[in-house]
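Residue numbers (this note's numbering): 24 to 226.
Cβ atoms here follow ideal geometry from the backbone N, Cα and C, with glycine treated the same way.
Quick caveat: nothing in here was measured; it's all calculated off a predicted structure.
I have placed the structure first, in the form of structure tokens, so that the comments after it can refer back to it.
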């Protein structure tokens, strides 16, 4: 009896590939900015209590999900059929691609956390013409992709936690960008959706 192609796929290797590509992009970008004298990591640095709390929890969520994902992969904790797992691989790769394009388009304005001291440029071109938060969208798709590949309670809880905290971080950043860029950001916010899409007729 022949084994269906989707069941014969080495999902452990593919899941590790999704993670390696994603975090490889993150670390290489951080390293390149450090060489240029740019402090990428701005999470929880000298901010008001609400921002500090949200960013700290976001940091815990985005770091804590990694061992949860790796444990799930190592022990093969998966409760979904093969076709869902293959879909997860495709979603995870899409997240990698969107994240890569977003950090390339952001160039030296990319930061992890709200940067209150660095004056960065408001990026609205490239992929940012279709999503105000493509990097966060990339994070979410990577998390969902791995969850579909290795769906279990542990990874599920961390995935929900991470996605919720990333969304709260987005809301904080929207307040900061409004205060910093004023009408320029409000116009951009009016024509481009938070996660994906733009209003018709808006340029």
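Query                                                                                                                                                                        : Result
Could you check which residue in 78, 100, 126, 121 has the C-alpha nearest to that of residue 177?                                                                           : 100
As an exercise, report each continuous alpha helix (DSSP H) stretch of at least 4 residues that is fully enclosed by the stretch 70-114, in chain order.                     : 72-98
Using only CA atoms, which one of 191, 204, 89 lies nearest to residue 73?                                                                                                   : 191
Quick one: what does DSSP say residue 146 is sitting in, helix, strand or coil?                                                                                              : coil
Residues in the same chain with beta-carbon distance under 6 angstroms from residue 107, minus the five sequence neighbours each way, listed in chain order, please.         : 171
Pick from 122, 102, 88, 37: whose alpha carbon is nearest that of residue 156?                                                                                               : 122
Suppose you measure from the CA of residue 182 to the CA of residue 87; what does that come to, to the nearest Å?                                                            : 10 angstroms
Below 8 angstroms, how does it come out for the stretch 32-45 and the stretch 143-152: are there three or more Cβ pairs, yes or no?                                          : no
Is DSSP giving residue 212 helix, strand or coil here?                                                                                                                       : helix
For residue 207, which residues of its own chain have a beta-carbon under 7 angstroms away from its beta-carbon, when the five flanking residues on both sides are left out? : 145
Let's see if you can read the secondary structure: which residues bound the alpha helix (DSSP H) around residue 159?                                                         : 157-172
Rounded to whole angstroms, how far is the Cβ of residue 164 from the Cβ of residue 114, which I believe are closer than 8 angstroms?                                        : 5 angstroms
In this structure, how does DSSP classify residue 221 when only helix, strand and coil are distinguished?                                                                    : strand
In or out: residue 160 buried (at least 16 other Cβ within 10 Å) or exposed?                                                                                                 : buried
Buried or exposed for residue 47, going by 16 or more other Cβ atoms inside 10 Å?                                                                                            : exposed
Is DSSP giving residue 35 helix, strand or coil here?                                                                                                                        : helix
Which same chain residues end up closer than 7 angstroms to residue 184 when comparing Cβ atoms and leaving out the 5 residues on each side of it in sequence?               : 84
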